[in-house]
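Sequential numbering from 28 applies to the sequence shown in the working numbering.
Think of the CB as a built atom: it goes at the ideal place given N, C-alpha and C, for glycine as much as any other residue.
All values derive from a computational prediction rather than experimental measurement.
Have a look at the structure below, then the notes.
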Amino acid sequence: MEANQIIDAMRANYIHCSSYEDVGSVRIVTQTQASEKLLIGNFAHVFLRPDLLKLELFTKEQEVERRFVIQCDGDSVRSFEEHSTQGTNTFAYDSFASALKTTAGITAGVTNVVFSLLGEIDHGYSMLNANQMKRTDDQVVDGQVCFTIDFVIDPTVSIEATAWISADNFSLMKFEQRSNFTASYRDSIREYARMFYEAEGIPMKDSDEAITREVIIKFDNITFNNSINVDKLISHVF
């Protein structure tokens, strides 16, 4: 099979499923001008189309632990919670789409990857929008033979990725994205970053600027079209 045929087969699983569950982990290594930062985390989704969702994400970065919860219960609840030692922040949204779009940037890349595949987010840096893709040698991940595909997602920013897709059921087993931020790209976003830091009341240091970033998302279990109801979404515990 060609790379595009494998991607189409994988995407069909996600696009056409009525429900979706997963459990997995995320690891992000960011190289700044001053140091290397490591974020590790674990996540779990329960999703029932069209708009029932529970996402829990636990992360730890430089001894700071956080728990993120996205809860969408039809028209009654659409919220995002962030729990840390500083307390709890809760945000409400007027729609399922706005909840996903707003939280995509603060969930360690997990929301982007999963909900791009599910067809709920059209993310510009998704592997589905890659400029180039190429199948390489098959590899084994957790005992499963996987198709391995390399992507060039954005040559301007220098974003590349690799996906490991189960040869058995065409589910995504592992995803790795590597960003080598070019000088021109860093220049273009520096002012936006400065505005964000000022709005949050956080001093911005040039040494905190990211030079490279590697994101590895691994799926330990994925289930399509399982029996899910609202009670399971509400009571779901990671």
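Reference Val91, options Phe197, Asp169 and Thr112, closest by Cα: Here residue 91 corresponds to residue number 64 of the sequence shown, with the count starting at 1. Comparing Cα positions, the closest option is Thr112.
Residue interval of the alpha helix (DSSP H) (run including Ile34): As a position in the sequence shown, residue 34 is number 7, starting the count at 1. Per DSSP, Ile34 is one residue of the alpha helix (DSSP H) stretching across Ala30 to His43.
The region 217-224 contacting the region 240-249, beta-carbon criterion three pairs below 8 Å: no
Contacts around Ala30, its chain only, beta-carbon distance under 7 Å, and the 5 residues preceding and following it disregarded: Taking the sequence shown and counting its residues from 1, the one referred to as residue 30 is at position 3. Answer for Ala30: Met160, Lys161, Arg162 and Ile176, listed in chain order.
Segment contact flag, the region 94-111 with the region 173-188, C-beta cutoff 8 Å, min 3 pairs: no
Runs of beta strand (DSSP E) lying entirely within the region 43-90, each at least 3 residues, in chain order: 46-59, 63-75 and 79-88
Endpoints, beta strand (DSSP E) assigned at Asn248: Position 221 of the sequence shown, counted from the start, is the residue given in the question as residue 248. Where Asn248 is concerned, the enclosing beta strand (DSSP E) stretches over Ala237 to Phe251.
Where Asn158 falls: helix, strand or coil (DSSP): In the sequence shown, residue 158 corresponds to position 131, counting from 1. Coil.
Buried versus exposed, by CB contacts within 10 Å (16 or more), Met28: Walking along the sequence shown from the start, residue 28 turns up at place 1. It is exposed - the Cβ of Met28 has fewer than 16 other Cβ atoms within 10 Å.
Other residues of its chain near Ile67: CB distance less than 6 Å, five sequence neighbours each side excluded: Start at 1 with the first residue of the sequence shown, and residue 67 comes out as number 40. Cβ within range, chain order: Arg54 and Lys87.
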